[in-house]
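Below, the structure written as structure tokens:
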């Protein structure tokens with residue numbers, strides 16, 4: 820009985836995924852974001868659904884703040900903290916999708932520009948997760964520029 824129920828839910832989920840991909844294929848932004856190596860169908864659909872209209876943001880730093888990937892600032896008087904975490908004030912789904920996109924781009928070495936940026940941050944002595952967050956920030960800047968210009972990504976590194 821439980822196995823039949825599980826198969827029923829799996830079939831329902833696959834139908835929903837097919838509908839999401841079909842709806843996303845109608846959008847021009849979907850193909851633009853998918854042109855970035857490391858971003859597939861589901862991640863691109865999630866990024867588009869979370870960002871919405873790119874015209875809401877008049878600067879890429881506002882998109883970064885919306886995603887919650889911007890560094891927090893702790894200071895009081897003459898004290899300024901040296902360890903600053905990301906704010907996490909924005910969309911957690913967008914942050915998660917960007918994290919997966921960066922991991923896919925770096926691990927498979929598909930995205931040469933992102934891999935070179937990650938290696939540069941690692942050579943500066945940054946920890947792995949700090950380097951990944953920096954790559955997420957860089958990826959958001961690229962997405963902003965590509966969606967504003969409505970052109971595909973070129974990986975010429």
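In our numbering, the protein residues as written are 820 to 976.
Beta carbons: idealized from backbone N, C-alpha and C, even for Gly.
Model, not experiment: these values are computed from the prediction.
Where are the beta strand (DSSP E) runs, 3 residues long or more, that stay fully inside the region 838-882, in chain order?
none
The alpha helix (DSSP H) with residue 915 in it runs from where to where?
911-926
Leaving aside the five residues before and after residue 839 along the sequence, list all residues of the same chain whose C-beta is less than 6 Å from its C-beta, in chain order.
Once the five neighbours on either side are set aside, the close Cβ partners of residue 839 are 864.
Leaving out five residues on either side along the sequence, give the residues of the same chain with a beta carbon under 8 Å from the beta carbon of residue 940.
949, 950, 953 and 954
Report the rounded CA-to-CA distance for residue 898 versus residue 906, giving the unit in angstroms.
19 Å
On the criterion of 16 or more Cβ atoms from any shown chain inside 10 Å, does residue 935 qualify as buried, or is it exposed?
Under a 10 Å Cβ-count criterion, residue 935 is classified as exposed, with fewer than 16 other Cβ atoms of the shown protein chains found around its own Cβ.
Contact defined as beta carbons within less than 8 Å: I believe residue 963 pairs with residue 876. What is the distance between those atoms, to the nearest angstrom?
7 Å
When the distance is taken between beta carbons, is residue 947 closer than 8 Å to residue 851?
no
Within a Cβ cutoff of 7 Å, which residues of the same chain sit near residue 956, ignoring the five residues on either side of it in sequence?
883 and 888.
Residues in its own chain within less than 7 Å of residue 900 by CB, not counting five upstream and five downstream?
The residues are 893 and 894.
Per DSSP, which one or two residues make a beta bridge with residue 899?
According to DSSP, residue pairing for residue 899 in a beta bridge involves 894.
Going along the chain, which residues of its own chain have a beta-carbon closer than 6 Å to the beta-carbon of residue 855, five neighbours each way excluded?
972
Among residues of its own chain, excluding the 5 on either side of residue 891, which ones have a beta-carbon nearer than 8 Å to its beta-carbon?
903, 904, 905 and 906
Just the C-alpha distance for residue 915 and residue 974, rounded to the nearest angstrom, thanks.
23 Å
Taking buried to mean at least 16 other C-beta atoms within 10 Å of its own C-beta, is residue 822 buried or exposed?
exposed
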